[in-house]
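Q: In this note's numbering, the protein residues as written are 1008 to 1607.
1. If you compare alpha carbons, which of 1460, 1462, 1486 is closest to residue 1469?
2. Of the choices 1091, 1082, 1183, 1049, whose alpha-carbon is the least far from that of residue 1122?
3. Using a Cβ-Cβ cut-off of 8 Å (strictly less than) and excluding sequence neighbours within five positions of residue 1014, which residues of its own chain qualify?
4. Give the range of the alpha helix (DSSP H) segment to which residue 1505 is assigned.
5. Under DSSP, the alpha helix (DSSP H) around residue 1480 begins and ends at which residues?
6. Would you kindly report the start and end of the unbroken beta strand (DSSP E) that includes residue 1056?
7. Quick check: the Cα distance between residue 1300 and residue 1105, rounded to an integer number of angstroms?
8. Thinking C-beta only, is residue 1170 closer than 7 Å to residue 1307?
9. Taking residue 1570 as the reference, give the member of 1560, 1562, 1582 with the closest Cα.
10. When you compare the stretch 1062 to 1078 with the stretch 1261 to 1275, are there three or more beta-carbon pairs, one atom per stretch, that lie closer than 8 Å?
11. Need the endpoints of the beta strand (DSSP E) that residue 1537 sits in, please.
12. One question on the structure: do residue 1047 and residue 1406 come within less than 7 Å of each other, judged by their Cβ atoms?
13. Does the separation of the CB atoms of residue 1332 and residue 1079 fall below 7 Å?
14. Could you pull the DSSP bridge partners for residue 1523 from this structure?
15. Identify the continuous alpha helix (DSSP H) that holds residue 1039 and give its terminal residues.
16. So which of 1462, 1471, 1575 has the shortest CA-CA distance to residue 1527?
17. Secondary structure at residue 1172, three-state DSSP: helix, strand or coil?
18. Can you tell me whether DSSP reads residue 1590 as helix, strand or coil?
19. Taking only three categories from DSSP, how would you classify residue 1219?
20. My output table needs one value for residue 1402: the three-state DSSP class, helix, strand or coil.
21. Is it buried or exposed, residue 1504, if we count other Cβ atoms within 10 angstroms and call 16 or more buried?
22. Using the C-alpha atoms, what's the distance from residue 1127 back to residue 1042?
23. Would you tell me roughly how many angstroms separate the C-alpha atoms of residue 1411 and residue 1440, rounded to the nearest one?
24. Please classify residue 1028: does DSSP put it in a helix, a strand, or coil?
25. Rounded C-beta distance between residue 1535 and residue 1551? I'm assuming under 8 Å.
26. What are the residues that DSSP puts in a beta bridge with residue 1164?
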């Protein structure tokens, strides 16, 4: 009886520890992680403990990166000779690991957000609707955490503060946010834009809400003969503007906190830590990690307050620093497909199902299987291509820069262990593309994919029964032997001729355009060719999809719009505008589904 009770308790504990969908668990510190990219180019890194408990309350820390820093650098690592110094200054991953050790009452979920160009001020300047975009980013990430009790911390360092300012510009602060932290990051605080009023309204709404500000006296710091801030700028002045606004509500209680002057308002709900900097050093980065400012800010008024170490240093998190940098995967999953059924046929089983079918029946079966979700995970995974830069044809001479997203591999049926790369006619391929908010690619995109590919293999032509399922499957197995066990999530090229969009189909209606199958020297075996009828399919054809959502010059747009635009089409086409950019004008939808951020 006792063993039965013990077993039930063990099962209950295991059920509470959740593996989050789409997360990888292969890390140095028993964590599960996920990388994402939004359609307007924001990179996201999500990190939860392996023992993430669905029944515990969860604190989501959204960490907004400083200008010029990547997510990998922000997470940090042991810095050795030859490493970029940025890897050692923030160590946010190590600090979060310490937080999880200090307080096991709740889950600590970390999300790092990196702006395109590594600059939140640039992102905001590039998008007139940036307050809405920023607010949507916060709610999108939060909505993916499957717990009932979620509290959000917005923590920003340096230029990351522009994200929080953008959020304040979007309206009142959402009740789910219980902590806002400026780590030398409040440069653009403005009373004229009612930032102080919104913060005060939020603080008055709940005694559990906290505002924490760190800054240092940067007014007279000189670097390379020039002051690092203007005569009216810097976080020291911004912090005093904030405190002046708060002092209208309540006078500050002042004290000393390590090397910082400490000002507390509203019974400690708003706290300012200002370093007088008597030695006139640049403390902009050292405060975050070395002086434990981040840890102090996230633990104030929690059971972990003053348990992490000492404000001012030395660093409290050294034992949690990773040996190696985090390995990023610049992907975004934008295919709105059902989850693959456990009963769906694998690749080898599907081969037997279609072996003797006429082409039209086979095509219908492939389309049905794909739209039912019977595809490997690697086909759901889209890779970013870019930034692609092309010279402008305008008188102004301004270059255009774009980023788009393509499937890591060509279309396949089955699961990641047993799959079958399936060619299709362009009409069938577009049925799938239209349903998923995607398009077929162009010749230029095919070349770009090869240039950016993680894996490149030598084409292996076959000459017997080119159109038979057996030969198609044989080609698939050859590709797998060439891949040599490398990850199926990597961008692969040199495996197939692409079914492409081209203006050369005008006058060749009812035909298929194929191009590519690049050799290792980068030259394609197949020049652009429109000689086959569109019903022709052989083993060498592949269906590569491009997501319709893309980014051009820092603004969200669509592949269809760019292909039709004489000013921008060179980002995607080497033959001018392609319009209409599809094979089937009578069936092509006028309104296509849009690709969205999905954090499965």
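Glycine included, C-beta positions come from ideal geometry on N, C-alpha and C.
These numbers were taken from a predicted model, which means no experiment stands behind them.
A: Let me spell this out:
1. Closest option to residue 1469, Cα to Cα, is 1486.
2. 1049
3. Low confidence applies to residue 1014: its pLDDT is 40, below 50, so where it sits in the model is not reliable, and the reading given next is rough at best. Answer for residue 1014: no residue qualifies.
4. Per DSSP, residue 1505 belongs to no alpha helix (DSSP H); it is in the beta strand (DSSP E), 1504 to 1508.
5. From DSSP, the alpha helix (DSSP H) with residue 1480 extends over 1476 to 1490.
6. 1050 to 1056
7. 14 Å
8. Not a contact, by the Cβ cut-off of 7 Å.
9. 1582
10. Taking a contact to require three or more Cβ pairs closer than 8 Å, the stretch 1062 to 1078 and the stretch 1261 to 1275 do not qualify as touching.
11. 1531 to 1540
12. no
13. In this structure, residue 1079 lies closer than 7 Å to residue 1332 by Cβ.
14. 1504, 1533
15. Run containing residue 1039: none in the alpha helix (DSSP H); it sits in the beta strand (DSSP E), 1038 to 1044.
16. 1462
17. helix
18. coil
19. In this structure, DSSP gives residue 1219 an extended state, which the three-state scheme calls strand.
20. Any reading at residue 1402 must be qualified, since the residue scores a pLDDT of 45, below 50, and its modelled position is unreliable; the value itself is stated next. The answer is coil: DSSP assigns residue 1402 none of H, G, I, E or B.
21. buried
22. Each residue's alpha carbon lies about 19 Å from the other.
23. 15 Å
24. It is coil, neither helix nor strand.
25. A Cβ-Cβ separation of about 15 Å leaves residue 1535 out of contact with residue 1551 under the 8 Å criterion.
26. Beta-bridge pairing links residue 1164 to 1190.
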